[in-house]
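Residue numbers for the sequence shown follow the working numbering, beginning at 244 and rising by one.
Just so you know, even glycine gets a beta-carbon here, dropped at the ideal spot from N, CA and C.
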Amino acid sequence: MDKLSDSLYLFADTCNVYVVRSGSEAVLIDFGCGDVLDKLPEIGVERVAAILITHHHRDQVQGLPRAVAQGIPIWVPSAEQDLFANIEEHWQARPVANSYDNRQDRFSLLESVPVAGLLGDYSSREFAGVRFTVLPTPGHTTGSITLLADVDGQRAAFSGDLIAAPGQVWSLAATQWSYNGAEGVAASIASLISLKGQCADVLLPSHGEPMRETARAIDLLIERLWGLLQDRGEHSRLFRFLDQPYDAVTPHLLWNRTSVSDAYVLLSESGKALLIDYGYDFMTGFAAGTDRASRRPWLYTLPKLKSDFGVQSIDAVILTHYHDDHVAGCNLLREIEGAQVWAAENFATILQFPEYYDLPCLWYDPIPVDRVIPLEKPIQWEEYTLTCYPLPGHTRYAAAIAFEVDGKRALAVGDQYQSSAAQSWNYVYANRFNMTDYRASAALYRKLAPDLLLSGHWGPHWVEPEYFDRLEARGEALEAHHRALLPLDAFDLGGEDQAATIHPYRITARAGQFCDVAVEVRNPFNRTVEARVRLVTPQGWTVQEPERRFTLEAYGSSETAFTLRLPDTAPLRRARIAADVTLGDQRLGQVAEALVTVLAPRGTPDTPNEAPGGPLKQGHSA
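Here it is, written out as structure tokens:
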């Protein structure tokens with residue numbers, strides 16, 4: 244055990260384990276194989292108040308089961324929580340054969356460990372009388388953090404594997420988050436710049452020796468990483484974006500060029516800002532995979548927004564649709580900036596209850612909506628009037644946001660159209676696309692006659708007069724393609740291909756409880772039919788009135804509810820139920836499914852929760 248200062252110690256293990264002593268208590272940063280516990284009495288430590296983890300790799304955490312056995316609380320990076328508390332699912336789901344995912348997420352725990360709490364980005368928390376602040380520093384892993392604390396009069400940065408020595412990293416392989424990219428290299432540069440701004444007195448790496456010439460060590464590493472990127476021909480605009488992440492579209496309207504989906508900023512004379520969408524700010528590329536640890540939002544460009552444009556507060560974010568690349572950062576905005584989340588009434592429920600739906604691109608967690616915006620009714624924000632209009636096409640659950648800024652009529656349209664010309668289709672059938680959507684949206688655009696379109700991925704687009712004619716023609720062409728290709732006279736679902744859906748799609752309840760589901764059925768025929776819906780469940784499950792009959796008008800839809808009792812059984816994950824549908828004399832079969840996770844009875848260990856309850860009541864006792 245090496246003594247670095249009166250209260251700070253380093254134990255060399257499979258990684259550097261740092262001990263911050265406070266009287267007879269201590270906080271450990273990273274844990275290695277756990278042998279540090281045997282050495283703590285030598286420095287007068289009787290109790291470990293907490294173990295704080297910088298990232299999930301096994302050399303940092305393989306000994307955590309020993310900590311669990313001794314009842315020591317474990318705190319982990321929020322983005323990597325599933326790689327600790329739910330690692331079994333990770334190992335079962337992670338592709339092995341024909342995999343192009345080279346991210347080092349396999350360098351994870353072999354068994355799950357209980358997590359006492361999450362180290363949320365930008366949050367501060369006190370352990371054993373020492374306050375630690377979480378700085379997001381992706382690079383070595385997507386979810387990596389640096390922990391900042393004042394120890395013995397010095398600002399210490401426990402930097403994980405972001406930097407190992409002046410100008411060096413512990414691993415370059417870890418920075419390849421995809422098959423052959425350098426996503427983590429670019430992210431490391433951004434993180435190092437952020438870390439340098441903290442003016443730490445000492446850098447304490449997971450591998451390597453403590454560094455006291457912190458600025459020199461960081462600058463040298465940035466220089467060398469940038470040299471590698473230049474040689475690879477990647478991220479050529481990185482420093483340009485770091486220096487100037489926002490472009491002025493008009494004096495009071497900004498475009499964030501660094502986000503995966505384009506975010507926009509409406510500036511008020513009061514010093515407040517209204518964001519239009521906020522997903523993954525300052526992205527250097529997606530990691531392979533779709534797990535939580537591969538999709539990490541942060542608030543990287545907000546300090547530049549405030550300093551460069553005089554923004555005093557982020558008042559709210561208003562959203563065009565629910566997709567993760569447009570909403571992932573909303574919870575961080577609420578927690579750290581105090582910003583409200585606003586969403587149109589046609590998709591606010593999706594944000595709040597994602598488990599209710601079977602849709603692409605859902606964020607992992609519910610996003611509370613502070614203000615539900617009615618469609619086609621103006622609202623006021625500071626000196627601006629905004630109106631949301633339904634905008635189906637890319638997804639049924641979307642809104643166009645109309646407002647005037649600096650004498651120009653602007654329309655934020657999310658991902659409705661793609662390409663720099665903002666007229667190429669971007670429809671996705673699973674988003675509940677209907678073949679008439681683009682004809683309808685063309686009519687909306689002509690009606691509103693914007694001067695400027697704020698696109699979701701292709702930057703702002705200034706509209707010329709003939710633009711609306713082109714949109715109308717393309718909308719008609721798309722509809723014509725579908726009418727020619729689909730047997731609509733016999734079976735017309737408008738192109739969306741879903742005759743039924745079950746809500747919620749993901750259900751979590753305890754063994755022996757009742758839960759409610761609703762089946763929505765759509766009639767694809769041009770005649771009134773009798774609908775018969777039978778709920779299909781695994782053997783041994785019971786359903787109250789398992790079959791329902793009702794009348795559906797031509798091309799109409801209706802919803803019917805079922806109550807099922809979960810079995811008194813061992814925990815199950817994602818058991819399947821289905822809706823078997825017959826319309827008139829046409830047997831469609833099991834056209835819709837839902838997933839049910841059964842938790843153990845109270846008083847016994849649970850399987851991990853899938854999601855909280857949604858709009859329907861769930862899990863009432865038998």
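For residue i, name the three-state secondary structure that DSSP assigns.
i: H333; result: helix
i: Y632; result: strand
i: F711; result: helix
i: T840; result: strand
i: A587; result: strand
i: Q666; result: coil
i: R480; result: coil
i: Q487; result: coil
i: K690; result: helix
i: P597; result: helix
i: T385; result: coil
i: F327; result: helix
i: Q861; result: Interpretation of Q861 is limited by its pLDDT of 46, a score under 50 that renders its predicted location unreliable; the figure taken from the coordinates is listed afterwards. Coil.
i: L517; result: strand
i: S321; result: helix
i: H564; result: strand
i: G657; result: strand
i: L253; result: strand
i: Q347; result: helix
i: L731; result: coil
i: H725; result: helix
i: H746; result: strand
i: R309; result: helix
i: P855; result: Any reading at P855 must be qualified, since the residue scores a pLDDT of 46, below 50, and its modelled position is unreliable; the value itself is stated next. Here P855 sits in coil by DSSP.
Quick check: residue i and residue j, are their CB atoms within less than 8 Å of each other?
i: T840; j: R808; result: no
i: N329; j: A531; result: no
i: W541; j: D524; result: yes
i: R777; j: E790; result: yes
i: Q441; j: L378; result: yes
i: A685; j: A835; result: no
i: R682; j: E722; result: yes
i: G277; j: A310; result: yes
i: V570; j: D613; result: no
i: T385; j: W420; result: yes
i: F274; j: V262; result: no
i: P320; j: E354; result: no
i: A716; j: A761; result: no
i: T493; j: T544; result: no
Which residues mark the beginning and the end of the beta strand (DSSP E) in which residue i is found?
i: F907; result: A query on residue 907 cannot be resolved here, the shown segment of the chain reaching from 244 to 865 and no further.
i: I388; result: I388 to V394
i: F868; result: Limits of the chain in this structure are 244 at one end and 865 at the other, which puts residue 868 out of reach.
Going by C-alpha to C-alpha distance, which of the options sits closest to residue i?
i: S265; options: S537, S248, T544 and A255; result: S248
i: Y640; options: F590, E625, L594 and E715; result: F590
i: S250; options: C258, A371 and Q347; result: A371
i: R689; options: S663, R675, L654 and E354; result: L654
i: P693; options: E647, Q666 and A720; result: E647
i: L472; options: P453, G427 and S511; result: G427
i: V508; options: I561, E477, R459 and R819; result: I561
i: A506; options: Y521, A458, A516 and Y660; result: Y521
i: D474; options: I294, A429, L795 and V824; result: A429
i: T825; options: L795, R845 and L838; result: L795
i: Q833; options: R455, L629, T751 and V779; result: V779
i: T588; options: V339, E619 and E268; result: Sequence check: residue 588 is Glu here, not Thr. Nearest C-alpha to E588: E619.
i: A643; options: T630, T376, E452 and G514; result: T630
i: A774; options: T493, E715, P814 and A822; result: A822
i: K246; options: P316, L307 and V394; result: V394
i: R770; options: Q829, L518 and E268; result: Q829
i: A673; options: Y422, H700 and C604; result: C604
Please report the residue range of the alpha helix (DSSP H) in which residue i lies.
i: I436; result: E426 to K439
i: I461; result: T457 to R475
i: K547; result: L545 to F552
i: Q303; result: R301 to V304
i: V899; result: An answer regarding residue 899 cannot be provided, because it is not within the stretch 244 to 865 covered by the chain.
Does the count of Cβ pairs from the region 487–503 and the region 546–553 closer than 8 Å reach three?
-> yes
Does the region 319–337 come close enough to the region 523–539 to have 3 or more Cβ pairs within less than 8 Å?
-> yes
Do the region 797–813 and the region 721–730 touch if we need at least three Cβ pairs shorter than 8 Å?
-> Verdict: no, contact absent.
Should the region 356–374 be called in touch with the region 574–584, which here means at least 3 C-beta pairs below 8 Å?
-> yes
Using 8 Å as the threshold, is the region 666–685 in touch with the region 736–754, meaning 3 or more CB pairs across them?
-> Contact annotation: the region 666–685 touches the region 736–754, with at least three C-beta pairs closer than 8 Å.
Given 8 Å, three or more beta-carbon pairs between the region 388–402 and the region 435–455 = Contact holds: three or more Cβ-Cβ distances are below 8 Å.
Below 8 Å, can you find three or more Cβ-Cβ pairs linking the region 410–423 to the region 451–466?
-> yes
Hey, is the region 482–496 in contact with the region 629–638, meaning 3+ C-beta pairs nearer than 8 Å?
-> no
So, do the region 292–308 and the region 348–363 have three or more beta carbon pairs nearer to each other than 8 Å?
-> yes
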